[in-house]
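Colleague: The structure's right below; bear with me while I get my questions together.
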Amino acid sequence: MKILLLFCCYVMGATLISSDGLNYENAELTLEGVWELENQQMYENGMLSETLPNENGYRQVKMYSNGHVMWTRNDPSDSNEWFGYGSYTVSNGILEERLEYASGPMMRIVDTTKVFRFELLLSADSYQQIQLDEEGNRFQGESYIRIK
1462 MKILLLFCCY
1472 VMGATLISSD
1482 GLNYENAELT
1492 LEGVWELENQ
1502 QMYENGMLSE
1512 TLPNENGYRQ
1522 VKMYSNGHVM
1532 WTRNDPSDSN
1542 EWFGYGSYTV
1552 SNGILEERLE
1562 YASGPMMRIV
1572 DTTKVFRFEL
1582 LLSADSYQQI
1592 QLDEEGNRFQ
1602 GESYIRIK
């Protein structure tokens, strides 16, 4: 029994010394951080029909932290200000954003849409949020890359 106990202590000690404490195989993917819009997608009949790159200085950035989301958009061709702040949750591959405060044009949208719900496809350094219609078909998406 003493030998077994010493062996277990040896294995645990060797593991702690050689490990940096992170489990890379099971590291949980997270939205926490800052993301920039890479492109937008349009769907027809639930199938990808077109990918639209950002053009002419268009830029959109989202920040996720401790259950809060903040986003801003700059479109040189649009004189409106676009930004918003609220909370978010992720569950079972679904991202839900609830905007609490936003720019004037966005507040008009928030008046009709309280919760923005997306299908979420997440990897370590990119994610895609896809809007679904009432029947569950994809109709519009946005792809983001992590800003480091």
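When we follow our numbering, the leftmost residue of the sequence shown carries the number 1462, and every step to the right adds one. For every residue, glycine included, the Cβ atom is placed at its ideal position computed from N, Cα and C.
#1: Between which two residues does the beta strand (DSSP E) holding residue 1602 run?
#2: Using 10 angstroms around the beta-carbon of residue 1508, count the other beta-carbons present and answer buried if the total reaches 16, otherwise exposed.
#3: If contacts are defined as beta-carbon pairs under 8 Å, then residue 1549 and residue 1530 qualify, I think. What distance do you get, rounded to the angstrom?
#4: Using CA atoms only, rank isn't needed, just tell me which of 1596, 1589 and 1544 is closest to residue 1565.
#5: Kindly indicate which three-state DSSP category residue 1514 falls into: helix, strand or coil?
#6: Throw me the rounded Cβ distance for the residue 1581 and residue 1551 pair, which I believe falls under 8 Å.
#7: DSSP state of residue 1494, grouped into three classes?
Modeller: Taking the coordinates as given:
#1: 1599-1608
#2: exposed
#3: 4 Å
#4: 1544
#5: strand
#6: 6 Å
#7: strand
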